[in-house]
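This report refers to the structure that appears directly beneath it.
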Amino acid sequence: MKVAFVGKGGSGKTTLTSLFAAYLAGSGCPVLAIDADINQHLAVALGASAEEAAALPALGEHLTLIKDWLRGDNPRITGAGAMIKTTPPGRGSRLVRPFEDNPVFAACFRDVAGVRLGVTGQFAEDDLGVACYHSKVGAAELLLNHLVDDAGEYVVMDMTAGADAFASGLFTRFDVTFLVCEPTRRSIGVYRQYAEYARDFGVRLAAVGNKVTDDEDVEFLRAELGTDLLCWLTGSAHVRAAERGRARPITALEPHNLDALATLRSTVDSTQRDWAKFHRQAVEFHLRNARSWGNERTGEDLAAQVDPEFVPGPPALAGA
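136 is the number that my numbering gives to position 126 of the sequence shown; each next residue is one higher, with no gaps.
Now the structure itself:
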């Protein structure tokens with residue numbers, strides 16, 4: 011199951027991503043996590059030192075490897091240089107399982123506190139003033155298009171803050187998107203903006219309250235979000251200790267907050283993937299990007315990469 015955490019900057023999005031990943035891993039579930047936030051704090055939130063986090067390889071640094079591996083022997087793709095971030099899989103492409111051993115995972119992912127973690131990478135000096143952050147997350151979008159996960163397997167992504175996540179088709183790659191919402195007008199505004207954008211694409215969006223301190227906060231969130239409010243987390247000594255470098259086991263999290271994480275998991279587990287829709291949306295955004303910039307950049311008509319008879323998923327993985 012693919013899960014994303016989004017929200018206003020400073021809402022605690024990365025904290026909740028790390029708590030949920032740690033909760034799943036602590037329950038014995040396989041977890042693959044990707045840090046796609048421009049601030050790149052997920053590794054530290056999971057318990058890595060600053061030095062360990064800085065040493066993590068960035069997905070974007072291995073983009074050619076990722077493209078070559080995923081392309082496989084798909085005859086519709088002329089080469090790695092013809093692949094863009096939205097290139098969908100087709101017959102001959104390599105569909106990957108989230109916890110298999112392959113060259114991409116070996117190069118780009120590391121174990122952090124029982125979580126298989128990959129990072130999109132920070133801005134380099136050469137990027138400043140000349141590139142947007144979505145140039146970094148393209149490798150993650152390409153990987154998710156080719157990733158065949160199943161029930162009981164969790165792919166968790168920390169997205170960039172605010173509605174900027176809609177600058178690419180990445181927002182359609184998830185079974186459930188949790189929007190972390192503080193009990194403030196600004197945070198509610200981000201939720202409503204995101205919900206408006208997501209509505210036309212059938213994105214399953216749920217609000218998760220955070221930094222709740224009293225009943226008045228809860229009443230505010232309920233009044234503003236209604237039934238969209240799934241649950242909420244209160245202030246946490248566990249989180250404060252982790253932010254001061256004193257990591258604790260997830261079982262030490264406050265009971266109410268553990269219950270909230272259990273609610274998130276049950277929400278994800280109750281969702282069924284529609285592989286045809288998943289692929290149809292990938293194709294839609296690929297054609298948009300091809301017309302907008304991809305054809306000109308590659309010198310090819312990238313619509314030719316679309317295999318009209320292909321649908322990813324376990325049957326395709328098995329060669330059915």
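Backbone N, C-alpha and C define an ideal beta-carbon position, used for all residues, glycine too.
- Taking C-beta atoms as the reference points, R107 and V158 count as a pair closer than 8 Å.
- Pairing G131 with E62 gives a Cβ-Cβ distance that is not under 8 Å.
- For the 8 Å CB-CB criterion, L56 and V122 form a contact.
- The alpha-carbon separation between R250 and Q50 amounts to approximately 19 Å.
- In the DSSP assignment, V278 falls within the alpha helix (DSSP H) that extends over 265-279.
- Within a 10 Å sphere around the beta-carbon of A292 sit 16 or more other beta-carbons, which makes this residue buried.
- Three or more pairs of CB atoms, one per stretch, sit closer than 8 Å, so the segment 238-248 contacts the segment 199-219.
- L42 is bridged by DSSP to R126, V165.
- Here N49 carries a coil assignment [DSSP, helix/strand/coil].
- Short of 6 Å from the beta carbon of A58, and not among the five residues preceding or following it, lie these beta carbons of its own chain, in chain order: V122.
- Comparing alpha carbon positions, the residue from F184, L231, E192, G199 closest to G212 is F184.
- Between G179 and F30 the beta-carbon gap is near 23 Å, outside 8 Å, which marks them as no contact.
- Counting C-beta atoms within 10 angstroms of its own C-beta, D111 has fewer than 16 neighbours from the protein chains shown and is therefore classed as exposed.
- Bounds of the beta strand (DSSP E) holding T187 are 186-191.
- One Cα belongs to L69, the other to G82, and the distance between them is close to 19 Å.
- Under the criterion of beta carbons closer than 8 Å, P40 and D160 do not qualify as touching, at roughly 10 Å.
- Residue pairing from DSSP places V106 in a beta bridge opposite L157.
- Ranked by how close their Cα comes to the Cα of T308, the residues R209, H289, C191, K95 have K95 in first place.
- With distances taken between CA atoms, P98 lies nearest to V316 out of V316, A300, D269.
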